[in-house]
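J.: Below is one structure. I have some questions about it.
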Amino acid sequence: MYEAIIVGGGPAGMAAAVYAARKMLKSLLITKDIGGQVNQTAAVENYMGYQFIQGPELMAKFEEQMRRFPIDIQTGKVVRSVSSSGKGFEVTTDQGDVYHGKAVIIATGKRSRQLNVPGEKALVGRGVTYCAICDGPLFQQMTVAVIGGGNSALEAVNDVIKYAEQVYLVSLTPLTADSILIEKARNAPNLTVLTEYQTLEIIGADRVQGIKVKSLKTQEAKVLAVQGVFVEIGLVPNSDLVRGLAPLNEAGEVVVNCANETGVPGLYAAGDVTAVPEKQIVVAAGEGSKALLQADRYLQRLRS
Amino acid sequence: MAAKQVKVYSTPTCPWCLKTKKFLGDNKVAFENFDVASDKQAREEMVKKSGQLVVPQVEIDGDLKIGYDEGWLRQKLDLTS
Numbered sequence: 007m008y009e010a011i012i013v014g015g016g017p018a019g020m021a022a023a024v025y026a027a028r029k030m031l032k033s034l035l036i037t038k039d040i041g042g043q044v045n046q047t048a049a050v051e052n053y054m055g056y057q058f059i060q061g062p063e064l065m066a067k068f069e070e071q072m073r074r075f076p077i078d079i080q081t082g083k084v085v086r087s088v089s090s091s092g093k094g095f096e097v098t099t100d101q102g103d104v105y106h107g108k109a110v111i112i113a114t115g116k117r118s119r120q121l122n123v124p125g126e127k128a129l130v131g132r133g134v135t136y137c138a139i140c141d142g143p144l145f146q147q148m149t150v151a152v153i154g155g156g157n158s159a160l161e162a163v164n165d166v167i168k169y170a171e172q173v174y175l176v177s178l179t180p181l182t183a184d185s186i187l188i189e190k191a192r193n194a195p196n197l198t199v200l201t202e203y204q205t206l207e208i209i210g211a212d213r214v215q216g217i218k219v220k221s222l223k224t225q226e227a228k229v230l231a232v233q234g235v236f237v238e239i240g241l242v243p244n245s246d247l248v249r250g251l252a253p254l255n256e257a258g259e260v261v262v263n264c265a266n267e268t269g270v271p272g273l274y275a276a277g278d279v280t281a282v283p284e285k286q287i288v289v290a291a292g293e294g295s296k297a298l299l300q301a302d303r304y305l306q307r308l309r310s
Numbered sequence: 024m025a026a027k028q029v030k031v032y033s034t035p036t037c038p039w040c041l042k043t044k045k046f047l048g049d050n051k052v053a054f055e056n057f058d059v060a061s062d063k064q065a066r067e068e069m070v071k072k073s074g075q076l077v078v079p080q081v082e083i084d085g086d087l088k089i090g091y092d093e094g095w096l097r098q099k100l101d102l103t104s
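Set out below in structure tokens:
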């Protein structure tokens, strides 16, 4: 039986792990991977102490710091469910491993949102991608569509426009990205912007051949011939593991109070998976620390 | 035990590719890296094998895995966590 089990290995989880080690709690960090979403962040310029650092490099530094302490770390494991069991919690992975902890900290972050249109699932990796910075260079001299209108969509446009022959930006709403990103994109001669267009379908048998879009103003539908689709429409929380146990908001985020308590004694949550506003590395790290310190107080009360 | 044949198909900008290569390096696993952003032939070979236009792709003794999957890597390479 562990005193604290931390689920998730992003900034929130790793910060919690360091605090757990400093409180000398018998603890386990269990995660699919180290670094989480930050691994897909090219440049970080707002984490204090670093004027500029690449996302994966910052996470490597977090990991190095965490591994200096004697804490059990299980990577490559996805936690499927967390349930109450007697005096603590039972944490079950996809592979069927079961761990027991007196307190649990959920720090599982978020993942890319899917369009949920016909053709999308079948064509993932066959032209549909959720990581422009990863797969962008594979679409050289092709025509591609970027779906979305926020910062991540415009960043994807500015990235793929260097490789692609022609880029369509398809947004359900007027563009909401920062002006500086929109200006940069608009100067590109090979970009066509379609705002207030809904993406209805991704077309193709074993490779993307086009997308069907509809104008929300005229209701007119048309097919764009593209070989790649970059979906950049935001994120959803990885909260399924506590669905039914902890309260979630409409967006599926775990609702916590300012002490990171979920309302279930001993169950805490921190970082992007929570309803706490502002999804930032520095906020997640702070919340992870806070959650662990609260869990430590809870464990002290159990002992007394 | 004979060394396993490990191929990594990657691009220079992809963070998960960096993670994959770092993981292999940290575990002292020798591997051949193909930069599919610049190497058109390798890109075509990768797509022919998996049908997928996605990086990273890792091939270990003929078995192909799409994406960075530390659990799979550990299992295929007989590494304990």
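Going line by line, the protein sequences match chains A and B. Residues 7 to 310 in this note's numbering are what the first sequence lists, from first letter to last. Residues 24 to 104 in this note's numbering are what the second sequence lists, from first letter to last. Glycine is no exception: its CB is placed at the ideal position from the N, C-alpha and C atoms.
Taking the alpha-carbon positions, what's the A297(A) to T114(A) distance?
T.: 13 Å
J.: Would E12(A) and I36(A) qualify as a contact pair, given that the criterion is a beta-carbon distance under 9 Å?
T.: The sequence shown places Ile at residue 12(A), rather than the Glu named in the question. Yes; because the gap between Cβ atoms is below 9 Å, this pair is in contact.
J.: Under a three-way DSSP split, which group does Q233(A) fall into?
T.: coil
J.: Terminal residues of the continuous alpha helix (DSSP H) containing R66(B)?
T.: K63 to S73
J.: Take T149(A) and list the residues in its own chain whose beta-carbon comes closer than 7 Å to its own, dropping the five residues that flank it on each side.
T.: Residues of the same chain with a CB within less than 7 Å of the CB of T149(A), apart from the 5 flanking positions on each side, are A170, E171, Q172, A231, V232 and Q233 in chain order.
J.: Of the residues that make up the stretch 26-45 of chain A, which ones have a beta carbon closer than 9 Å to any beta carbon in chain B?
T.: K38, D39, I40, G41, V44 and N45
J.: Please find out if some non-hydrogen atom of the ligand GTP comes closer than 8 Å to the beta-carbon of V262(A).
T.: Questions concerning the ligand GTP fall outside what the structure shown contains, since it holds no ligand whatsoever.
J.: Start and end of the alpha helix (DSSP H) containing T43(B)?
T.: For T43(B), the enclosing alpha helix (DSSP H) covers residues P38 to D49.
J.: Inspect the beta-carbon positions of L247(A) and K108(A) and report whether they are closer than 9 Å.
T.: In this structure, K108(A) does not lie closer than 9 Å to L247(A) by Cβ.
J.: Taking 8 Å as the threshold, find out whether the stretch 196-216 of chain A comes into contact with the stretch 128-137 of chain A through three or more Cβ pairs.
T.: yes
J.: May I have the straight-line CA-CA distance separating V279(A) from N244(A), to the nearest angstrom?
T.: When rounded, the distance between both Cα atoms is 6 Å.
J.: Give a yes or no on whether 9 Å exceeds the smallest Cβ distance from T34(B) to chain A.
T.: Among the CB atoms of chain A, one or more fall inside 9 Å of the CB of T34(B).
J.: Starting from E69(A), trace the beta strand (DSSP E) in both directions and tell me its first and last residue.
T.: That residue, E69(A), is in no beta strand (DSSP E); its alpha helix (DSSP H) goes G61 to R73.
J.: For V282(A) and D58(B), what's the separation of their Cα atoms in angstroms?
T.: 40 Å
J.: Let's test the definition: count the other Cβ atoms within 10 Å of the Cβ of K127(A) and tell me whether it reaches 16, buried, or not, exposed.
T.: With a 10 Å radius around the Cβ and a threshold of 16 neighbouring Cβ atoms, K127(A) comes out exposed.
J.: Which whole-angstrom value describes the C-beta separation of E202(A) and K218(A), a residue pair presumed to lie in contact below a C-beta threshold of 8 Å?
T.: Contact check for E202(A) and K218(A): beta-carbon distance about 16 Å, past the 8 Å limit, so the pair fails to qualify.
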